[in-house]
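See the structure below:
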């Protein structure tokens, strides 16, 4: 359904420079868009493509508008505005009520009549599936789990016993929510399994990526706040708590009982050690290991960047004696008189 | 079923300080437990909650008993004792024999009559499912695989051809055991697939986490010893051997043909390079890369901890010239006479 | 079916030293092989087992042939030649045409009559399944996805909407191809979902490991070239492009819009930051973080190797003041006259 630029400008609060009657039907990348297509410019890295775009309209900010060769929708936050327009042009199909003949729904499962239970799903007794929920093919929802209204389990999702998922959540294929946490008490001759008895409680508007795993609490619950977005292949251990609107990129791991604040951003492959706290508004860059609590908002890192292998190897060898090197520098300073009187870094 | 503290004390060899006739019905966290609930104190980090607990009883060690405001069950290993009591209070439901009508069991599969084959499972010909085994929904067991007595495939597990799993194992949702290892011989114009012909052989009392992958041997088997516990999202490459009672935390990866000893502990996100050996009783802290064999028991690390991003970036830039810095220090020492005559770190 | 060494030598272009009429039936490891078995020596690490082998024949290179105690098939590339012989001795069973009675194939799916649709699979309308394709148990193929001839979805694979997979590909259990990328535009009060509208396009002869995830493009496609081999538990973000014959080991993560060249090799746990480029013929060793573009072929690293934990901790503490240490060395040099006049590393 083509939409007029004038209508988009009004609806999304943009300033329009260009033809109010031009229409767009779909979105496309800046460098590839053509007539009838809308695109956007948010990352300065792609600004070089702006002059050559053949899109009917570009969503961008005021600083880029002057060099836009076509109609411009000027927004304070072009990426978010683009996202909203793209949602309008490419709506998600509404959930069709019903259940596939091949689905297995146990007696005692409570499935809203507006929900869809897809092919080859298993819904156990006591599970509650809310209004307009979409349960995609081959998903498993165990006993007493609940899925809030308008949530989507895309496909092949596992929701374990007593997990509670809020409204408008999306769980991507292969995710496992609510399985046993990793609790094994060391004892003579091996380990004793620690029963994992808590639940996973997930707020509203949460996205969980493909093959991500979120473990149930050992005792007490694992809790994910409203608006949290978790990417693919992320591990969230038992009794972790994650605050509202925090974003976690792929391949990260959060160890048991860690508490992460609100509006945090964790890059890819970040590791968070257990039983510590990260306060609100902390950004952690990719591949950082957080091994002690962070109590001040800010940006934190610990990932070394790639270097030529031979040079890296030489430097890594020196790292093994860095403490010694520092002591040698201290001695040189003492001998030369250039050092400070007291060096807190040396013992 | 409520249990008397006196009975627990006798059964688990604890000293009881408090009311022998008090009863507990379930467990709860130290800070939240109330009447009828048992809790525990093992991690000193949580000791501050002890004075305020309203639990009926606390399992703890002798050093904490004096400050316990309620009945105390004093144990040498409070965490393991708590685990055993929790198992008693919250038993796993016994496996109900039978098979769900929607399961597909091929002719020639040998399923013990006391086992349960859940909804939408597929069990191929030649597979052997032992006594009281629980095969959860949507699991796949390929030809000639075998699952030992009392093991549980929780849900959506894939057990590939000829995998052998011992007794009392637990395999969590999404795990894949016995798929092809990563064997591709480089050749002119691409790679030649190396047939993966070995099996995975898993001992007794092994736990395998959600979405963990354990590859079959290329030639010869991949072998996991008795009592090994593997967390979520761990990769175990072909022909790896892991010794008894070793524990591997989430997001770790063990490359092909590595050999890991007994009673080792690998933290989260640990990487082990292929074709090396780690001896018994080695602990590797989170995010360490083991790139050469470890022949002495002990604790090993290589994960840098998080720092403020700006400071980290400056230090990482210096790391790129660390070898040069060390040489410069050597020259200074030579000039000042403070250095040792011979520095083995310099060429 | 036993094969004569003379026949193998001719077929695979090897020089044969030994008995041309000896036959082999299967392969086995160097240290364990016996009569009727063929083995190989490629990794020098295993050369110590050569003298003791009881195999009927060994594939090896000329340098090792003199010490071979049994028949030798001398090849320029013993590993690739071994792989080809092993394929011949242990052929993959051909796909049996048909579909299992429990599979759900929607009307409008186009399934070649020579393909196999396994138990409990779901194939949506508009999906195209090519000649001799094997769709293993519990796999899901969404609408308008296509699978090229002779490809195999081993089991429990999810192929999302509009994904296109080439010929002779293998997708291992638990892999998810074509799910939504991680696109959430930050805005006041939370994030706006950015519709993910591109596809995943995979070439021919590509292998995708267990539980690996490859996201669809946000706008434009994610593209994997011919002959690419991806191991288990790898994350490939939206709009990533990977060139022909590149190999990516387990637990690696490629962030969105990264472009990786041809014939690259990424070790295990490598992280590649988004929106950068790696040129052709780059090798990245295990656990390296690539955070800026690489424009020269070569080998790159950034993973620190394990050290004793106490020593590592001391060195890591010094790393936190490395920039300061470098400045102190500069000052010492200025005082002693040993430094160079201009040190580009200092501000």
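Residue numbers (this note's numbering), protein chains in the order written: chain A, 12 to 358; chain B, 12 to 358; chain C, 12 to 358.
We put the CB at the ideal spot given by N, CA and C, even for glycine.
Where residue 334 (chain C) is concerned, the enclosing alpha helix (DSSP H) starts and stops at 333-347. Each residue's CA atom was taken as its position, placing residue 103 (chain B) and residue 96 (chain C) some 49 Å apart. Counting along the chain, residue 41 (chain B) sits inside no alpha helix (DSSP H), nor does DSSP assign it H or E at all. In the DSSP assignment, the residues bridged to residue 271 (chain A) are A:253 and A:289. Note on geometry: alpha-carbon atoms of residue 228 (chain C) and residue 210 (chain C) lie some 5 Å from one another. Residue 340 (chain C) is classed as buried because its beta carbon has at least 16 other beta carbons within 10 Å across all chains shown. The C-beta distance from residue 267 (chain C) to residue 192 (chain C) rounds to 6 Å, short enough to meet the 8 Å contact threshold. By the criterion of a C-beta distance shorter than 6 Å, residue 208 (chain B) is surrounded in its chain by 230, once the five residues flanking it on both sides are discounted. Put simply, the backbone Cα of residue 279 (chain B) is about 8 Å away from that of residue 282 (chain A). Ranked by Cα distance from residue 56 (chain A), the options C:269, C:331 and C:334 are led by C:269. By the C-beta criterion, the stretch 126-143 of chain C is judged to be in contact with the stretch 104-117 of chain C, since at least 3 inter-stretch pairs fall below 8 Å.
Going by beta carbons, residue 157 (chain B) and residue 129 (chain B) fall outside the 8 Å limit. Contacts with chain B at 8 Å (Cβ-Cβ) include residue 280 (chain C). Residues of the same chain with a CB within less than 6 Å of the CB of residue 53 (chain A), apart from the 5 flanking positions on each side, are 89 and 90 in chain order. Using a Cβ-Cβ cut-off of 8 Å, residue 190 (chain B) counts as an interface residue toward chain C, since at least one Cβ of chain C sits closer than that to its own.
The beta carbon of residue 266 (chain A) falls within 8 Å of a beta carbon belonging to chain B, placing the residue at that interface. Rounded to the nearest angstrom, the Cβ distance from residue 86 (chain C) to residue 77 (chain C) is 15 Å, too far for a contact under 8 Å. Residue 345 (chain C) and residue 346 (chain B) have their C-alpha atoms some 13 Å from each other. Between the alpha carbons of residue 99 (chain B) and residue 33 (chain B) lies a gap of roughly 17 Å. Inclusion of residue 182 (chain A) and residue 164 (chain A) in the CB contact set at 8 Å is warranted, their separation being smaller than that value. Burial check for residue 247 (chain C): the Cβ neighbour count within 10 Å reaches 16 or more, so the residue is buried.
Judged by DSSP in its simplified three-state form, residue 206 (chain C) adopts coil rather than helix or strand. The Cβ neighbour count for residue 74 (chain C), taken over all protein chains shown within 10 Å, is under 16; the residue is labelled exposed.
Counting only runs of at least 3 residues, the stretch 129-194 of chain C fully encloses the following beta strand (DSSP E) elements, listed from N- to C-terminal order: 187-190. Where residue 311 (chain A) is concerned, the enclosing beta strand (DSSP E) starts and stops at 309-312.
Listed as beta-bridge partners of residue 301 (chain B) by DSSP are B:283. In terms of beta-carbon proximity, residue 309 (chain C) stays away from the interface with chain B, with every pair separated by 8 Å or more. Per DSSP, reduced to three states, the secondary structure at residue 230 (chain C) is coil, with no helix or strand assignment.
Look at residue 66 (chain B) here: in three-state DSSP terms it is coil, with no helix or strand label. The Cβ of residue 130 (chain C) sits closer than 8 Å to at least one Cβ of chain B. According to DSSP, residue pairing for residue 28 (chain A) in a beta bridge involves A:83. Of the candidates A:300, A:292, A:317 and A:309, the residue whose Cα lies closest to the Cα of residue 293 (chain C) is A:317.
Not flagged as an interface residue toward chain B: residue 180 (chain C), since no C-beta distance is shorter than 8 Å.
For residue 50 (chain B), the enclosing beta strand (DSSP E) starts and ends at 48-51. For residue 60 (chain B), same chain residues with a beta-carbon under 7 Å away, outside a window of 5 residues either side, are 41 and 42 in chain order.
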